[in-house]
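*Asks:*
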Ligand SMILES: [Zn+2]
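In the working numbering, the protein residues as written are -16 to 321.
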């Protein structure tokens, strides 16, 4: 196959940062072929009000015409009915739960799931999706997702109609917990968790650009994630968790977690699905299952990838991307897209 055309994709988990950087990363998303992105709220200060959500969305959509921003808010146990109804009216589609201290800007996260049960009840009533950073902060770092998902069944029985997404699923345990529940529980998968294991980050020399949360895991975890992404299950869809940090910040002591995968994620996914003879499963994974889970209409445009090698820039706005400087076989044909 030399060319592949499919419906414009969605990315159901991105970090666009704020200020001047935000426009750059939003334009990168559009240039990479995405029509719609679910924007995470862990800015400083976080997105917790309708006014902040509206102005953040405006900033993104003005900077990147053609990119539609699906907005989220950061869950805090004190969010009340008035605040949540205002967020919903402003167009929020989901709330994001960060356990305390597990990733970038989560020092003010929620300590115990039960602390936010009042908020979850209102979200269920308002049909807002609950997006989970599913790591238990007190567990050993490789086991944090497995420890967290032991609480999923309790969450489900307390809120039977709440839509729940386990973000950036990274382990067999996380995936199995999602698949064991009904159709209202889904998972996003990143391209880096599909392609790499912990050894790629620390098995030889340290590669800080692969340091992300949740951590890359064992080969058997990666294998199971790939199987799930290729399985055609509507409960598993794409969210890149593209999370830019500057080169200076990544290549230093105490570097932050996050991979900047936006510019390469679709190209890498085409190669991955091709390698498994599963290109027919790519469009549902990136362009359909997520939208259907969220109850959104599907994107109307198309993108075309052609088998023409391209070389990934070493740096995007001061950020080292995934596959920096590498030559990838599939490139976006920007003359074909809508
Ligand atoms: Zn994230």
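The beta-carbon is built from N, C-alpha and C at its ideal position, and this holds for glycine as well.
In angstroms with no decimal places, state the Cα-to-Cα distance between residue 39 and residue 48.
*Replies:* Going from the Cα of residue 39 to the Cα of residue 48 covers about 14 Å.
*Asks:* What distance in whole Å lies between the Cβ atoms of residue 158 and residue 122, which are believed to be in contact at a cut-off of 8 Å?
*Replies:* Not confirmed; about 17 Å, so no contact.
*Asks:* Please classify residue 232: does DSSP put it in a helix, a strand, or coil?
*Replies:* Correct three-state label for residue 232: helix.
*Asks:* Considering only heavy atoms of ligand 1, list every residue whose Cβ is less than 6 Å from one of them, following chain order.
*Replies:* Here the residues come out as -4, -2, 23, 224 and 226.
*Asks:* In three-state DSSP terms, what is residue -4?
*Replies:* strand
*Asks:* In whole angstroms, what is the alpha-carbon distance linking residue 206 and residue 100?
*Replies:* 34 Å
*Asks:* Touch check for the segment 252 to 264 and the segment 16 to 36: three-plus C-beta pairs under 8 Å?
*Replies:* no
*Asks:* From what residue to what residue does the beta strand (DSSP E) around residue 114 run?
*Replies:* 112 to 115
*Asks:* With 16 other CB atoms within 10 Å as the buried threshold, where does residue 321 fall?
*Replies:* Caution is warranted here: a pLDDT of 49 is assigned to residue 321, below 50, making its placement in the model unreliable, and no coordinate value can be reported.
*Asks:* Just to confirm my understanding: we take residue 85, look at its own chain, exclude 5 residues before and 5 after, and list those with CB closer than 8 Å. What are they?
*Replies:* Within the same chain, residue 85 has close Cβ partners 92, 116, 118, 120, 127 and 196.
*Asks:* Between the Cα of residue -11 and the Cα atoms of 283, 301, 309 and 304, which residue gives the shortest distance?
*Replies:* 283
*Asks:* Exposed or buried, residue 241, counting other C-beta atoms within 10 Å across all chains shown (16 or more means buried)?
*Replies:* buried
*Asks:* The alpha helix (DSSP H) with residue 322 in it runs from where to where?
*Replies:* Nothing in the structure corresponds to residue 322, since the chain is present only between -16 and 321.
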